[in-house]
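Okay, so here's the structure we're looking at.
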Amino acid sequence: MSSTNSTTCSRFQLLQAAFDKAVSTFLENGCSYSKFSEFFQPVASVYPEEFELLHKQLQQLLDIRLKQEFQLLLEDKDIATKLEVCDQLFQTYHVDRNGYVRIPLNEQTPSEWIKAVAVKQKHKWKETLCEERDELLKAVRDLEYKVSDTRQKADKCQTDIQHLVNLSAEVVHEANQNLPN
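Below, the structure is given as structure tokens:
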């Protein structure tokens, strides 16, 4: 068996283990005896041993049925082959990009993996937000500079206009004095 097949088997086994863990968690928490007996309170209080036995049998049947349905789905969708094709594509990508074959095995539990992805995503978002904040601060500084520059130009224009108004007034005054009465 090649390393690709063993990786695929490992990934496939991880997928099955994750599903088995999800089923057992669901049966323990979602279908617990206390929750089950709440729905049938009178019967559970009158026949507690028989009712607990019934609950165990129903849990076992549900466990078997869920796992059978999952196996049928895996076979129907040919998941093992698709995982192998996916691994081969990743290997080809890594060989083309890095010049070597990289076969990562995920040894984390699904919850650890999700937590690690969330932490990475949080850091990535933080970096993105910091970059965007820095860009916005730079844009604000640029705008403040442009506003200041525009104010200086406006003040200069106002001074020039006031000077022209004063000159015009002097010219008008001179012209009025030089006019014959």
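If you read the sequence shown in my numbering, its first letter stands for residue -4, the second for the next number, and so on. Glycine residues also receive a C-beta, built at the ideal position from the N, C-alpha and C atoms.
### Sequence ranges, alpha helix (DSSP H) only - wholly within the segment 23 to 83, length at least 4
28 to 34, 36 to 41, 43 to 72
### Query
Would DSSP call VAL104 helix, strand or coil?
What sits at residue 104 in the sequence shown is Thr, not Val. It is coil, neither helix nor strand.
### Query
According to the neighbour-count rule (16 or more other Cβ atoms, all chains shown, within 10 Å of its Cβ), is HIS50 buried or exposed?
buried
#### Entry: With 16 other Cβ atoms within 10 Å as the buried cut-off, status of ALA113
exposed
### Message
Please report the straight-line C-alpha distance between LYS119 and CYS26, rounded to a whole angstrom.
### Response
38 Å
### Query
If we call anything under 7 Å between Cβ atoms a contact, is PHE14 one with PHE65?
yes
### LEU174 (DSSP reduced to helix, strand or coil)
coil
### Task
Give the straight-line distance between the Cα atoms of VAL166 and GLN147, rounded to the nearest whole angstrom.
28 Å
### Query
SER143 to ALA164, Cα distance in whole Å?
31 Å
### Message
Taking the beta carbon of GLU44 as the centre, do at least 16 other beta carbons fall within 10 Å, making it buried, or is it exposed?
### Response
exposed
### Cβ separation of LEU69 and VAL18, assumed to be a contact under 8 Å, to the nearest whole Å
Their Cβ separation, rounded to whole angstroms, is 14 Å, which puts LEU69 and VAL18 out of contact at 8 Å.
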